[in-house]
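In what follows, a structure is listed as C-alpha cells, so that the remarks can point back to it.
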Amino acid sequence: MLLTISIIGLLIVGVVMVYSASAIWADYKFGDSFYFAKRQLLFATVGIVAMFFIMNIPYLTWQRYAKPILFICFLLLIAVLIPGIGMVRGGARSWIGVGAFSIQPAEFMKLGLIIFLSTYLASNQKYITSFKKGFFPSLLLVFVAFGLIMLQPDLGTGMVLVLTCLVMIFVAGAKISHFVGLGILGVIGFLGLIISAPYRINRITAFLNPWEDPLGNGFQIIQSLYAIGPGGLMGMGLGQSLQKFFYLPEPHNDFIFAILAEELGFIGGTFVLLLFLLMLWRGIRVSLAAPDTFGSLLGLGIIGMISLQVMINISVVIGLIPVTGITLPFLSYGGSSLTLILCSIGIVLNISKYAKL
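Convert by adding 2 to the 1-based position in the sequence shown; the result is the number in the numbering used here.
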C-alpha cells in the first residue's frame, strides 16, 4: 500500500509540474498550453492501468520468458541504429516510431536486462564468486548492451543500466576484489568515452566552471541554479516560475526538478524526495522479503534502476555532476519511459503479494 501511495503521489506531482513547466512553451509552439500536460496525463493513465494489470501476473512468469524478452530488446537496440528506422532527436538516434508515437528501445533494455540478469544470477549463484564462470559472463552481457546504447549515443541511460546491473551482481554475492579491478578498467573506459567525444569534454569543463561559457556549454546548469536559488524555503508559488519563460532548456523534461524547486521551494523539493525515499524503502523491504532469490534480485534491480536515475537527475540539476540527459522518473515528461517504469513497479507490487513481510 505504501509503495502504491508513493507512486500515485509522484504521478500527481508530475502531471501538475509538467503543466506548470511546459505551459508557456506549449502555447508558443502548439497554441495549446495544456499540450504536454494532456499527453502526460494520458501516459500516466495508460501506465497505471498497465501497472495494475502486471501486478496480477505472477512474477515467476517473467523468469520463464527472460530469454525471449532480452532477445527482443537486443533486436530493438539494433533496429534503432538503422537509418530510416531509428529517429534522431537531440543529436542521438534513440527512438523508433511513426509520427507522434515513438518508443525508446534503451528503456526497454533496462527492464529486459534486469529480468534476464535476475534469472541468470538466481540460477548460477553458486558460480558468482568465480570470475570465469559467474562474474565475467554477467558483465559481458551488460557491456554488450551498453555498447549498443553508446552507438546511439546515450551515455546517461547506459550509465543507469551498467550501475543497476553492477548493484545486482554485487547483491548476488560477487567478490569485492572483482569490483576493484572492474573499477580501474571502468575509470579508464570512462575517460576514453569522454575523450572520444568533444561534446562530453565540453560538458565536463562546463561542470567545473559553467561561467567560463555562460551562453554555451554552461548555460543549462547556470539557468538551473538560477531557478533553484530564488525558490528559497517556500518557493515563488505554483505557476510563478520565471526560468520556464524560454530561459531553462527542457523545463518539463530533464530539468523539471529545478522548476519544482523554484515554484515550491525547499519544502516542495523535500516532499518529493521523501516520496522517492518511501518508494525506495518499501521497495527494498519487499525485495528482501521475497520468497526466492529471483524475486529478490528482480525487485532490487527495478528499485535500484529507478533510484539511480533519480539520484543522477537531481545531482545534475543541482550541479553535483555534469549534464547527462537523464529524466526524473514519474515527474519528467515522457511516454515510453513513464509507462515502462510504471510497468516495472507493477512487477514489484506483485512480488509484494508473496513477500513475507
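C-beta atoms are modelled at their ideal positions from N, C-alpha and C, and glycine is treated no differently.
The C-beta distance from L333 to L43 rounds to 13 Å, too long to fall under 8 Å, and the pair is not in contact. With respect to the 8 Å criterion, I328 and N315 are classified as neighbours on the basis of their beta carbons.
In the DSSP annotation of this structure, the continuous segment of the beta strand (DSSP E) that includes G88 starts and ends at 88 to 91. The beta carbon of I230 sits closer than 6 Å to the beta carbons of A260, A263 from its chain, once the five residues preceding and following it are set aside; these are given in chain order. M281: member of the alpha helix (DSSP H) spanning 258 to 290, first to last residue. For L163, the enclosing alpha helix (DSSP H) begins and ends at 157 to 173. A Cβ-Cβ contact shorter than 8 Å links I105 with S338. Nearest neighbour of M307 by Cα position, chosen from L141, E109, S243, turns out to be E109. Look at the beta carbons and you see the segment 169 to 177 not touching the segment 211 to 227: under three pairs across the two are nearer than 8 Å.
In the three-state DSSP reduction, I9 falls in the helix class (H, G or I).
Inclusion of P107 and L78 in the CB contact set at 8 Å is warranted, their separation being smaller than that value. Following the DSSP letters along the chain, one finds A124 inside the alpha helix (DSSP H) bounded by residues 107 to 125. Scanning Q154, Y129, M170, N126 for the CA closest to the CA of V144 turns up M170. Around the Cβ of T326, a 10 Å sphere holds 16 or more other Cβ atoms; the residue is buried. Linking G297 to S289 through their CA atoms gives a straight-line distance of about 7 Å. In the DSSP secondary-structure assignment, P85 is bridged to G88. I223 has its alpha-carbon roughly 10 Å from the corresponding atom of I323. By alpha-carbon distance to L62, the top candidate from K134, G301, L168, L330 is G301. Taking L280 as the centre and dropping the five residues before and after it, the same chain places the C-beta of L4, S8 closer than 7 Å to its C-beta, in chain order. If you ignore the 5 residues before and after F118, its C-beta comes within less than 8 Å of the C-beta of A68, K69, I71, L72, L143, all in its own chain and listed in chain order.
Counting only residues of its own chain and dropping the five nearest sequence neighbours on each side, Q225 has a CB closer than 7 Å to the CB of Q245, Y249, L250. Looking at L153, F221, P139, I269, the one whose alpha-carbon comes closest to that of S96 is L153. Apart from sequence neighbours up to five positions away, the residues of its chain that approach G160 with a beta-carbon distance below 8 Å are A108, F148, I151, M152, ordered along the chain. With contacts defined by Cβ atoms closer than 8 Å, G49 and L344 form a contacting pair. Looking at the backbone, the Cα of V17 and that of A39 are separated by about 6 Å.
Assignment of I130 by DSSP, reduced to helix, strand and coil, places it in the coil class.
If you check the CB distance, G267 and G234 come in under 8 Å. DSSP places S243 in the coil class of the three-state scheme, outside both helix and strand.
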